[in-house]
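Here our numbering is used: the sequence shown runs in plain steps of one and ends on residue 656.
Backbone N, C-alpha and C define an ideal beta-carbon position, used for all residues, glycine too.
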Amino acid sequence: MNAPRLGLLLDVDGPIASPLSRTIAIPSIVEDLVALAAEGIPVVFNTGRSDAFIREQVVGPLLAGGLAAGGRVHAVCEKGAVWCSIGPQFPDGMGDLTVAEDLALPRDFADEMRELVRQQYADLVFFDETKHAMVSIEQLVDVDSAAYLARQPAFDAQAMAALERRGLGVRRLDDVRPDEHGAVAWRVDPTIISTDVESDRSGKDLGAERALELLAEDGDLPLEWRTVGDSRSDYAMADWLHANGHRVAHVDVRPADGVPETPYPVLTAPDGVIHDEAGARFLRAWREGRSDSAV
362 MNAPRLGLLL DVDGPIASPL SRTIAIPSIV EDLVALAAEG IPVVFNTGRS DAFIREQVVG
422 PLLAGGLAAG GRVHAVCEKG AVWCSIGPQF PDGMGDLTVA EDLALPRDFA DEMRELVRQQ
482 YADLVFFDET KHAMVSIEQL VDVDSAAYLA RQPAFDAQAM AALERRGLGV RRLDDVRPDE
542 HGAVAWRVDP TIISTDVESD RSGKDLGAER ALELLAEDGD LPLEWRTVGD SRSDYAMADW
602 LHANGHRVAH VDVRPADGVP ETPYPVLTAP DGVIHDEAGA RFLRAWREGR SDSAV
């Protein structure tokens, strides 16, 4: 088997699904993903979302769009804690699910967060019942973004306090300091639409590692990679690939947070185009074999 010309490692919220509707709102995204998979291009969704979300919002549209059996399409969910293969040969389009139980939060913590949402934040967020390992609290679609972001820090502080009461090492994503024992068990990771509480071993880098393990089972690895995301934490995909000897460029579809110095190219869409509109432009260019600069 010849090595594919390209491999895609894709965050879902932002580059693929609209952060407003939480659905694939641009039809060409489905068309191009189906066409790339048919060419033999590996496509792996590397996301903090649950397998249930991927099944409904990503796999369903791909199947309806004609995704063929035999494509190298996979999902790594909950930042590396859950993974499976995708295709019409599987029931509901998804193969057997693997869950890393050692990355799952204590059940009593999840119960406390569910009750906290019910009592104090039900007008703002919902508790994601579909997660197997992480605990995720997500902004309601009809809530204004500014209103959500104004109250998010209060919830994050309560989540951290709940972990600390249990004697668990904890940090926010932007705090690189370990606890006094030299290791951190859990972290609180706020995004523009949610807060995830997760194992400190979870992350887009672990997702990248899982992705290559899945692809090693079904064919040759690609000659080069494109990773795509909308937050600084998504750069970890390209960081891991580069550190492990793979050619990679990262596409940042929301560069407003600032583009860091990296040892690999970072690509952005022109004219201020962001989120899924930017993702759609790059997918179409890759499908047509155009250069990254021709989006």
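{"Asked": "Helix, strand or coil at methionine 455 according to DSSP, with G and I counted as helix", "Found": "strand"}
{"Asked": "Contacts around histidine 493, its chain only, beta-carbon distance under 6 Å, and the 5 residues preceding and following it disregarded", "Found": "Val443, Val460"}
{"Asked": "Valine 609 versus leucine 477 - alpha carbon distance", "Found": "42 Å"}
{"Asked": "Identified DSSP bridge partners for histidine 611", "Found": "Thr588, Val627"}
{"Asked": "Neighbour-count burial assignment, proline 626, 16 or more Cβ in a 10 Å radius", "Found": "exposed"}
{"Asked": "Rounded C-alpha distance that separates glutamate 578 from aspartate 613", "Found": "29 Å"}
{"Asked": "Contacts around phenylalanine 488, its chain only, beta-carbon distance under 7 Å, and the 5 residues preceding and following it disregarded", "Found": "Met474, Arg475, Val478, Ile498"}
{"Asked": "Uninterrupted beta strand (DSSP E) stretches inside the stretch 400-426 (no shorter than 3 residues)", "Found": "404-407"}
{"Asked": "Ordered list of beta strand (DSSP E) runs contained in the stretch 442-491, each at least 3 residues", "Found": "443-447, 486-488"}
{"Asked": "Boundaries of the alpha helix (DSSP H) in which alanine 436 is found, first to last residue", "Found": "Looking at the DSSP string, alanine 436 is not in any alpha helix (DSSP H); the run it does join, the beta strand (DSSP E), is 434-438."}
{"Asked": "Status (buried if at least 16 other CB within 10 Å, exposed otherwise) for glutamine 450", "Found": "exposed"}
{"Asked": "8 Å contact criterion, which arginine 419 and leucine 369 should meet: CB distance rounded", "Found": "Sequence check: residue 419 is valine here, not arginine. No, valine 419 and leucine 369 are not in contact; Cβ-Cβ is about 13 Å, not under 8 Å."}
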